[in-house]
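To start, the structure itself, in structure tokens.
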Amino acid sequence: MFSQVVNGLMECEDWEQAIQTPLGVLPGGSGNALAASIHHYFGYDLPQLIYCLCGAIRLQAVSSEELLISCGFMLCKGLVSRLDLISICMASSQCLFSFLSLAWGFVADVDI
Numbered sequence: 001m002f003s004q005v006v007n008g009l010m011e012c013e014d015w016e017q018a019i020q021t022p023l024g025v026l027p028g029g030s031g032n033a034l035a036a037s038i039h040h041y042f043g044y045d046l047p048q049l050i051y052c053l054c055g056a057i058r059l060q061a062v063s064s065e066e067l068l069i070s071c072g073f074m075l076c077k078g079l080v081s082r083l084d085l086i087s088i089c090m091a092s093s094q095c096l097f098s099f100l101s102l103a104w105g106f107v108a109d110v111d112i
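The following block contains the structure:
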């Protein structure tokens, strides 16, 4: 997973240099939000607007194959973009790094 790679790089002693390493994303699963976000950032519209024969406009999502080909093309071209990270440091001194989203929850027996 991309997030595990990012967290691993941030744990290195030379993290400031390690995190500068360009990373690529090829969508191959069900959670392709990062690939879709990168796809959109480089000017590809998600979803695409298409015109029906009747003249109406409807939205058509990009297929996973189209997204894979597009991201592969961006990797081959060497297109690079910065990625904002969120740092979460817990009371145990463990720090985690996140991007795109952050989720938090309680353990079920908190009220006991």
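Everything in the sequence shown is counted per the working numbering, starting at 1 for the first residue and increasing by one. All residues carry an ideal CB built from backbone N, CA and C; glycine is no exception. Since this is a predicted model, take the numbers as computed values, not measurements.
Run of the alpha helix (DSSP H) containing CYS71, from where it starts to where it stops: The residue given as residue 71 occupies position 71 in the sequence shown. From DSSP, the alpha helix (DSSP H) with CYS71 extends over 64-77.
Buried/exposed call for SER92, threshold 16 Cβ in 10 Å: As a working mapping, residue 92 is identified with position 92 in the sequence shown. That one is exposed.
Cβ pair count under 8 Å reaching 3, the segment 5-20 against the segment 63-78: no
Spatial distance of CYS71 from PHE42 (CA atoms): On the sequence shown, residue 71 is found 71 positions in, with the first residue counted as 1. On the sequence shown, residue 42 is found 42 positions in, with the first residue counted as 1. For CYS71 and PHE42, the distance between alpha carbons rounds to 10 Å.
Rounded distance between the beta-carbons of ALA35 and VAL25, thought under 8 Å: Translated into positions along the sequence shown, residue 25 becomes position 25. Translated into positions along the sequence shown, residue 35 becomes position 35. Rounded, the Cβ-Cβ distance is 5 Å, consistent with contact.
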